[in-house]
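Here's the structure, in structure tokens; my notes come after.
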Amino acid sequence: MAKQKAYALGIDLGGTKTLAAVVDISTGEVVASARKRTRAEKGQVFVAQRILDLSTQAIADAKLPDGGIVAVGVGAAGQIDRKAGVVVDAPNLGVKDMDLGALLGKQFGKSVAVGNDVEVAALGEYIYGSGQGYRTFVCVFVGTGIGSGIVQNGRMYTGLTGTAGEVGHMTVDAGGRICGCGSRGCLEAYASRTAITKAILAEIHHGRSSILAEDAQHQLKEGETIIRSGLLASAIAHNDALAIEIVTEAADYLGYGLASVMNFYNPDCIILGGGVIEAIDLLFERAVHRARITALSAPASKTKIIRAKLGDFSGVVGAACMGGEAAGYTFPMK
1010 MAKQKAYALG IDLGGTKTLA AVVDISTGEV VASARKRTRA EKGQVFVAQR ILDLSTQAIA
1070 DAKLPDGGIV AVGVGAAGQI DRKAGVVVDA PNLGVKDMDL GALLGKQFGK SVAVGNDVEV
1130 AALGEYIYGS GQGYRTFVCV FVGTGIGSGI VQNGRMYTGL TGTAGEVGHM TVDAGGRICG
1190 CGSRGCLEAY ASRTAITKAI LAEIHHGRSS ILAEDAQHQL KEGETIIRSG LLASAIAHND
1250 ALAIEIVTEA ADYLGYGLAS VMNFYNPDCI ILGGGVIEAI DLLFERAVHR ARITALSAPA
1310 SKTKIIRAKL GDFSGVVGAA CMGGEAAGYT FPMK
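Last residue of the sequence shown? That's 1343 in my numbering, and every number before it is there in order.
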């Protein structure tokens, strides 16, 4: 018998975009959504208002029956105090001690659950996406930064301090490029879309030709801070040598990171997601190849590496499910 419909608001707060959606958590269906660029450079007050505006729009567009949403869930990039509902520190968002629990609870009068964005996306993939059928897996999402979430024996694993899964901050080049976290040589400084953008712009500045030169510069002048995945994919499709070179290098570093995950954690599966993974086959395929030839033979031959099924909605579906679960909703496989 089908479960009774229940609706929750899911919010995915990332360094590039903010997406709010009303989700039927009995099926994982996104009923209505609203998105805009986060514009973190405009400050914390602006970001907070953007979250409220998009959330209100998504709920209005959903035209829900009486009862409306049962809960709110948020996945935010950065370090999260889950009990307090606070984003403690998020370098890619430019926010500190942002009390999303209080902000959204006051606005909508519902319980609010807050988690790390990729941890929340992993939950969405576990319940309604590529993680179905796996009990232990790691989700790695490549975007403005690189984050990951861990499902262990059917439950989210967050570690002693709630920061387990910071794959983007494993060291892949000791003393190398400086990362947004302040350390040097982190995977995020080599394989994120931010890193790809910096590398391409540096080469263009030093005289390299690329069909990205004009479009990327125009995009950045318009206020965007990183090159869009679609532009990168188009450049590669047109055999742009610089784009292919930089994305290949990023894919190799990502593959080294994935090999370390396979060797150390030995999961059933690694799920790769994020806009740049969705858009660029070269990045996904090269990273998988590099991981398999770098990892030890046993995990390399057994651990599956697949793309996220829910695409752009992994975060909001997972956030809505997290909010619903915190409010007492139960899912069959959990």
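Ideal Cβ placement from N, Cα and C applies to all residues, glycine included.
Just so it is clear, the structure is predicted and the values come from calculations on it, not from any experiment.
- Around the beta carbon of Leu1169, fewer than 16 other beta carbons sit within 10 angstroms, so the residue counts as exposed.
- The residue among Ala1069, Gly1332 and Gly1327 with its C-alpha nearest the C-alpha of Tyr1135 is Gly1327.
- Residue pairing for Ile1314: DSSP places it in a beta bridge opposite Ile1279.
- Under DSSP, Arg1164 shares a beta bridge with Gln1161.
- By the Cβ rule, the stretch 1237 to 1249 counts as touching the stretch 1280 to 1287, because three or more pairs are nearer than 8 Å.
- In the structure shown, Ser1201 adopts coil according to DSSP, grouped into three states.
- By the neighbour-count definition (other C-beta atoms within 10 Å, threshold 16), Arg1164 is an exposed residue.
- For Ala1208 against Ile1255, the beta-carbon gap comes to about 5 Å, under 8 Å, which counts as contact.
- Assignment of beta-bridge partners to Phe1150 by DSSP yields Gly1156 and Gly1282.
- Shown here for Ala1080: same chain residues with a beta carbon closer than 6 Å to its own, the five before and five after excluded, namely Ala1017, Lys1119, Ser1120, Gly1332, Gly1333 and Ala1336 in chain order.
- For Pro1074, the number of other beta carbons within 10 angstroms of its own is below 16, and it is reported as exposed.
- Nearest in C-alpha terms to Gly1052, of all of Gly1103, Phe1322, Ala1242 and Val1176, is Gly1103.
- Inter-segment contact for the stretch 1104 to 1118 and the stretch 1149 to 1164 is absent: fewer than three beta-carbon pairs are separated by less than 8 Å.
- Secondary structure at Ala1288: helix, using DSSP grouped into helix, strand and coil.
- Nearest to Pro1100 by C-alpha distance, out of Cys1278, Ala1085 and Asp1021, is Ala1085.
- Of the residues Ile1187, Leu1267 and Asp1249, the one whose Cα lies closest to the Cα of Glu1175 is Leu1267.
- Closest in alpha carbon position to Cys1195, among Val1031, Arg1186 and Arg1046, is Arg1186.
- Its Cα nearest to that of Phe1273, the residue Met1179 stands out among Met1179, Leu1109, His1214 and Arg1059.
- Our two residues, Asp1126 and Asp1021, have alpha carbons roughly 7 Å apart in a direct line.
- Taken through DSSP and simplified to helix, strand or coil, Arg1193 comes out as strand.
- Val1325 and Val1054 have their C-alpha atoms spaced approximately 22 Å apart.
- Residues Arg1301 of the same chain have their beta carbon placed closer than 6 Å to that of Ala1309, with the five preceding and five following residues left out of the count.
- Taking all protein chains shown into account, Asp1249 has 16 or more neighbouring C-beta atoms within 10 Å of its C-beta and is therefore buried.
- In summary, Gly1094 is buried, with 16 or more beta-carbon neighbours lying within 10 Å of its beta-carbon over all protein chains present.
- About 19 Å separates the beta carbon of Leu1263 from that of Glu1212, a gap too long to meet the 8 Å contact definition.
- Between Gly1184 and Gly1154, the C-beta gap is not smaller than 8 Å, which leaves the two residues out of contact.
- Inter-residue distance for Ala1067 and Glu1038 is about 14 Å (C-alpha atoms, whole angstroms).
- Using a Cβ distance threshold of 8 Å, Ala1317 and Gly1082 do not count as a contacting pair.
- Here Asn1125 is bridged, per DSSP, to Ala1085.
- Note that the C-beta distance between Ala1130 and Phe1150 is below 8 Å.
- Non-local beta-carbon contacts of Leu1319 in its own chain, meaning distances under 7 Å to residues more than five positions away in sequence, involve Gly1133, Glu1134, Tyr1137, Gly1138 and Val1326 in chain order.
- Taking the Cα of Tyr1199 as reference, the smallest distance to any Cα among Glu1258, Ala1049 and Gly1077 is reached at Glu1258.
- Non-local C-beta neighbours of Ile1289 in its own chain, meaning closer than 8 Å and more than five positions away in sequence, comprise Ser1238, Leu1241, Ala1242, Ile1245 and Val1256, ordered along the chain.
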